[in-house]
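What follows is one structure encoded as structure tokens, with my remarks underneath.
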Amino acid sequence: MKTFAAFVRKEFKHIFRDRKTLIILFGMPIVMVIMFGFAIRTEISNSRIAILDHAKDAHSQKLKNKISASEYFNVVTELNSEEEIGEIFKRGDVKLVLVFPQDFGKGLVNENHSPIQIIADASDPNTANILSSYLQATFQSYVNEELNLQAPNLNITTRMMYNPENKSVYMFVPGVMTIILMLVSALMTSITVAKEKEIGTMEILLVSPLKPFVIILGKIIPYLVLALIIASTILLLGLYVFNMPMNGSYYLLFAEIFLFVLCALVLGLLISTVANSQQTAMLISMMALMLPSILLSGFIFPISSMPLPLQVISNAIPAKWFIIIIKNIMLKGTGLEAIMFETGVLVFITVLLTLIAIKKFKIRLE
Amino acid sequence: MITVQNINKSYGQVQALKSLSFNVEEGQLYGLIGPDGAGKTTLFRILTTLLLADSGEATLDGLDVKKDYKKIRKMVGYMPERFSLYMDLTVEENLNFFATVFQTTVEENYHLIHDIYQMLEPFKKRKAGDLSGGMKQKLALSCALIHKPRVLLLDEPTTGVDPVSRKEFWEMLKKLQQGGLTTLVSTPFLDEAELCDEVALVQNGQILKVDTPQNIALAFPHKLWQIKSKSNYKTLKILKEFNQKISAFAFGNVVHLATDLEVNEMMIESYLKNKGVEQIQIQAIQAGIEDVFMDLMQ
Amino acid sequence: MNGEKVIEVKNLSKHFGQFKAVDDISFDVKKGEVFGFLGANGAGKTTAIKMLTGIWSSSSGQATVAGFDINRNRNKLKENIGYMSQKFSLYEDLTFKENVRFYGGIYGLSNKEISQKTDEMIAHLELDNIKNTLISEIPLGWKQKIAFSVAVIHRPKIVFLDEPTSGVDPITRRQFWDLIYETAESGITVFVTTHYMDEAEYCDRISMMVQGRIEALGSLDELLEKHDARNMDEVFVKLAR
Numbered sequence: 000m001k002t003f004a005a006f007v008r009k010e011f012k013h014i015f016r017d018r019k020t021l022i023i024l025f026g027m028p029i030v031m032v033i034m035f036g037f038a039i040r041t042e043i044s045n046s047r048i049a050i051l052d053h054a055k056d057a058h059s060q061k062l063k064n065k066i067s068a069s070e071y072f073n074v075v076t077e078l079n080s081e082e083e084i085g086e087i088f089k090r091g092d093v094k095l096v097l098v099f100p101q102d103f104g105k106g107l108v109n110e111n112h113s114p115i116q117i118i119a120d121a122s123d124p125n126t127a128n129i130l131s132s133y134l135q136a137t138f139q140s141y142v143n144e145e146l147n148l149q150a151p152n153l154n155i156t157t158r159m160m161y162n163p164e165n166k167s168v169y170m171f172v173p174g175v176m177t178i179i180l181m182l183v184s185a186l187m188t189s190i191t192v193a194k195e196k197e198i199g200t201m202e203i204l205l206v207s208p209l210k211p212f213v214i215i216l217g218k219i220i221p222y223l224v225l226a227l228i229i230a231s232t233i234l235l236l237g238l239y240v241f242n243m244p245m246n247g248s249y250y251l252l253f254a255e256i257f258l259f260v261l262c263a264l265v266l267g268l269l270i271s272t273v274a275n276s277q278q279t280a281m282l283i284s285m286m287a288l289m290l291p292s293i294l295l296s297g298f299i300f301p302i303s304s305m306p307l308p309l310q311v312i313s314n315a316i317p318a319k320w321f322i323i324i325i326k327n328i329m330l331k332g333t334g335l336e337a338i339m340f341e342t343g344v345l346v347f348i349t350v351l352l353t354l355i356a357i358k359k360f361k362i363r364l365e
Numbered sequence: 000m001i002t003v004q005n006i007n008k009s010y011g012q013v014q015a016l017k018s019l020s021f022n023v024e025e026g027q028l029y030g031l032i033g034p035d036g037a038g039k040t041t042l043f044r045i046l047t048t049l050l051l052a053d054s055g056e057a058t059l060d061g062l063d064v065k066k067d068y069k070k071i072r073k074m075v076g077y078m079p080e081r082f083s084l085y086m087d088l089t090v091e092e093n094l095n096f097f098a099t100v101f102q103t104t105v106e107e108n109y110h111l112i113h114d115i116y117q118m119l120e121p122f123k124k125r126k127a128g129d130l131s132g133g134m135k136q137k138l139a140l141s142c143a144l145i146h147k148p149r150v151l152l153l154d155e156p157t158t159g160v161d162p163v164s165r166k167e168f169w170e171m172l173k174k175l176q177q178g179g180l181t182t183l184v185s186t187p188f189l190d191e192a193e194l195c196d197e198v199a200l201v202q203n204g205q206i207l208k209v210d211t212p213q214n215i216a217l218a219f220p221h222k223l224w225q226i227k228s229k230s231n232y233k234t235l236k237i238l239k240e241f242n243q244k245i246s247a248f249a250f251g252n253v254v255h256l257a258t259d260l261e262v263n264e265m266m267i268e269s270y271l272k273n274k275g276v277e278q279i280q281i282q283a284i285q286a287g288i289e290d291v292f293m294d295l296m297q
Numbered sequence: 000m001n002g003e004k005v006i007e008v009k010n011l012s013k014h015f016g017q018f019k020a021v022d023d024i025s026f027d028v029k030k031g032e033v034f035g036f037l038g039a040n041g042a043g044k045t046t047a048i049k050m051l052t053g054i055w056s057s058s059s060g061q062a063t064v065a066g067f068d069i070n071r072n073r074n075k076l077k078e079n080i081g082y083m084s085q086k087f088s089l090y091e092d093l094t095f096k097e098n099v100r101f102y103g104g105i106y107g108l109s110n111k112e113i114s115q116k117t118d119e120m121i122a123h124l125e126l127d128n129i130k131n132t133l134i135s136e137i138p139l140g141w142k143q144k145i146a147f148s149v150a151v152i153h154r155p156k157i158v159f160l161d162e163p164t165s166g167v168d169p170i171t172r173r174q175f176w177d178l179i180y181e182t183a184e185s186g187i188t189v190f191v192t193t194h195y196m197d198e199a200e201y202c203d204r205i206s207m208m209v210q211g212r213i214e215a216l217g218s219l220d221e222l223l224e225k226h227d228a229r230n231m232d233e234v235f236v237k238l239a240r
């Protein structure tokens, strides 16, 4: 026990004396969250649109006012003819043109139905999609308000569940947390073990009466603590800077974070059994862990739109399950029963990796 | 105390150790002398149970390096090449850490390292990475000694260290030996062979010779001359053309010339004078380890 | 030796805070000289070499190397010196030929010159069998000889050698010194550090640093006489202890 405490104390000293790495470890999550949170927003505000109104009646006027008042749209100009639509898109002045048909108001009142046309600049498909669905939503709500009694059965409301404003922060906070935890846990442990091999201290540790699992545990625990502190930092940022909701239990959340970090740490140790230098450890961690965690976890690209082989592979990636778990807890406020399967998969992966890591840990140099 | 029998070890195509055998008696200061690439480090790793030999047997205090590796790891003090220390920990922290790892305390065995650690005491708050080569070496030795090992295995402890630190280091080893410690030490410095009780000269994974340094020097099969002159380099070149020479090597500012036994001083002197060498001083000398080593290499 | 000075150092110092790593040293090295630069670990040798090779600037004092000021004309200086150390010399994952091509390229040699130099080296160092072998698979002694030849590939005025023969077997070490002498005779000054005291004795002149200062400087015979010693080893111990 005393040996173990000494080992852990030594690891903490390594961590705290390497100021530059420590600053990066704590600075990176903050920078990443802020970057994703502020700069790369996918929600819309003040998007430039144009309107071509063939109807020019009361309803179209009211709807125009409603649209202009919304914070999402900025009506730049009104067009006079269909020809102008092509020109204004070519100039890149607006992202979308809304066209009211000739008998817009009449159709709305008499037939409960009046088509409007939305023409969007799909060279930026994401924005085009979001804009047109926002516009549809605005149209629907107008119809509901103005003609509420007449058309209850025609509501095709697109309600954005759990993220009504489609805020990207809700997506990025769990994503960034996953990646940072993977980085701190897997990358850092694999590097520290490789470093001991490089400077030769591993030789002395192996020759000492230290048991292999003491070495493993001694390497894991400091980074477990570090990872939990970093996770809390990201969580605080998400909650207080970006007003992310937290609807579930904190105990459950931290238990799941703990599980994921453990899984990543064991992955790191596994890498260090293969890598003999810090450089190799870093490369393997980056290629084998970081990239799949970013690309295949559903953080940036939705898994459902991937080709089938990639969808299958994504099941083996702990980050995928962890992102689902966090979102469930934070946004939906679900308890353990709803995420039993995902948690089970993470536990399974962790146990499997631990068994492999113990088996692969070498008591000799070869 | 240490037995090595027909040890073979290969890395892929490269044969690092070729059927190596020697024995170290209890309480001996034993030297493994040879240049880099001779296989010294591989042998140390086999003895410290870090590598397995392809074939052959080795024991430490009767314990087999393969079967009894756990017991061996408790009783050896090992100092790998390049002084394996934590460069971001202080002198004190390194020592305390290694003491704890070996399940002891610095206080308990302080008497073992007292002499060495005294020299480090003024720097105990300094990080190991900021120490000079000689100081690092002393700290690494302290760390290897702190758990009172029965056998000390030192892999090139004097490489990269200045002559004064080297001398101090060997004085420490002599003192430790008086305390009854068995030590196996490797070095590429041939002059250090003379400080050992017994040495094995190694080259390319093979043992060239095993004996006491005195016997090795006496076994030099040729007559050896030391020749001093005005321009050593020119004299060396001229001596390399000498018909009766077996070998001619520069040794600092003199040349060591090995010849057949019938050659005498006059023959060498007249040869050199003929070639125009000035200020010639010729002296028959006893061979040293380096002379023997080079002779065995050829 | 025609007395032309290729290194001139006057009152050179380098301070790190309160610590004087190099403390007011002055010396000259002549063209074609083999100059031994000795000192205990931590005496300031490495710091001095880093200043003379234009890697670090000095805190005070002046020095010119190959006629260029070490603080003001670093680029010119670097073109006119060669450097080789035990730790860094050749790329282990390139072959002999590739290393030569690389270093020749760095120093601006033409392709023709490079292939000519390569052939010369192969003939001179007897490398025919290993010219296409990776450096990592070549024995240390040969590696160091190759590294030295590569360090002088651009015919610099001075070559700095930092413990070039550490760990090399005794015969190869002597062959290495044969190369040093040949190079010096061809007019390239050799500035060398070593922990082998017999090698120090091969130098034309020897300097000895102790705690940042040059405590002794002269030919071997001068030093032996002055310090009443039989060999360089004794001189070293007397000065450094």
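Residue numbers (numbering that gives the first Met the number 0), protein chains in the order written: chain A, 0 to 365; chain B, 0 to 297; chain C, 0 to 240. We put the beta carbon where it would ideally sit given N, CA and C, even for glycine.
Taking Cβ positions only, does residue i come closer than 8 Å to chain B?
i, result
"MET160 of chain A", "Reliability of the predicted coordinates at MET160 of chain A is poor, the pLDDT of 45 falling under 50, and the value obtained from them is presented with this limitation in mind. With 8 Å as the cut-off, MET160 of chain A does not count as an interface residue toward chain B."
"TYR180 of chain C", "yes"
"THR157 of chain A", "Interpretation of THR157 of chain A is limited by its pLDDT of 43, a score under 50 that renders its predicted location unreliable; no figure is taken from the coordinates."
"ASN131 of chain C", "no"
Closer than 8 Å, CB to CB, is residue i near chain C or not?
i, result
"LEU191 of chain B", "Contrary to the premise, residue 191 of chain B reads as Glu rather than Leu in this sequence. With 8 Å as the cut-off, GLU191 of chain B does not count as an interface residue toward chain C."
"THR89 of chain B", "no"
"PRO187 of chain B", "yes"
"THR158 of chain B", "yes"
"GLU277 of chain B", "no"
Roughly how far, in whole angstroms, is the beta-carbon of residue i from the beta-carbon of residue j, given that I think they are within contact range, below 8 Å?
i, j, result
"LEU219 of chain C", "GLU200 of chain C", "5 Å"
"LYS13 of chain C", "SER57 of chain C", "6 Å"
"ASN70 of chain C", "GLY132 of chain B", "The pair is not a contact, with the Cβ atoms about 29 Å apart (cut-off 8 Å)."
"LEU209 of chain A", "VAL64 of chain B", "Contact doesn't hold; Cβ gap of about 19 Å is too wide."
"PHE95 of chain C", "LYS130 of chain C", "5 Å"
Report all residues from its chain with a CB closer than 7 Å to the CB of residue i; omit the five preceding and five following residues, and keep chain order.
i, result
"VAL14 of chain B", "In the sequence as displayed, the identity of residue 14 of chain B is Gln instead of Val. Closer than 7 Å at the Cβ level, and outside the excluded window around GLN14 of chain B, lie GLY204."
So the beta strand (DSSP E) residue i belongs to, where does it begin and stop?
i, result
"LYS29 of chain C", "18 to 29"
"HIS14 of chain C", "4 to 15"
"LEU78 of chain A", "72 to 78"
"HIS255 of chain B", "253 to 258"
In terms of residues, what are the limits of the alpha helix (DSSP H) holding residue i?
i, result
"GLU181 of chain C", "169 to 184"
"SER218 of chain C", "First-last for SER218 of chain C: undefined, no H or E at that position."
"MET293 of chain B", "288 to 296"
"THR104 of chain B", "No alpha helix (DSSP H) contains THR104 of chain B, which DSSP labels as neither H nor E."
"ASN74 of chain C", "73 to 78"
Kindly list the residues whose CB is nearer than 6 Å to the CB of residue i, restricted to its own chain and excluding five residues on each side of it in sequence; keep chain order.
i, result
"GLN115 of chain C", "none"
"LEU95 of chain A", "ILE48, ALA119 and LEU130"
"ALA47 of chain C", "VAL21"
"ASN154 of chain A", "The pLDDT assigned to ASN154 of chain A is 38, lower than 50, so where the model puts this residue is not dependable, and the model offers no usable value."
"ILE323 of chain A", "GLU341"
"HIS146 of chain B", "PHE101 and THR103"
"ALA183 of chain C", "GLY31, VAL33 and VAL189"
"ASN79 of chain C", "ALA65, PRO155 and LYS156"
Grab me the residues of residue i's own chain with a C-beta within less than 8 Å of its C-beta, minus the 5 sequence neighbours each way, in chain order.
i, result
"GLU181 of chain C", "none"
"ARG172 of chain C", "GLY140, THR164, TYR195 and GLU198"
"GLY297 of chain A", "SER313, LYS319, ILE322 and ILE323"
"PHE96 of chain B", "TYR85 and LEU88"
Please confirm whether residue i has its beta-carbon closer than 8 Å to some beta-carbon of chain A.
i, result
"PHE122 of chain B", "no"
"ARG149 of chain B", "no"
Is it a yes or a no for the segment 176 to 194 of chain B touching the segment 278 to 291 of chain B, going by three-plus beta-carbon pairs under 8 Å?
yes
Determine, using beta-carbon pairs with one atom in the segment 27 to 34 of chain B and one in the segment 48 to 58 of chain B, whether at least three such pairs fall under 8 Å.
no
Are three or more beta carbon pairs between the segment 204 to 213 of chain B and the segment 256 to 267 of chain B nearer than 8 Å?
no
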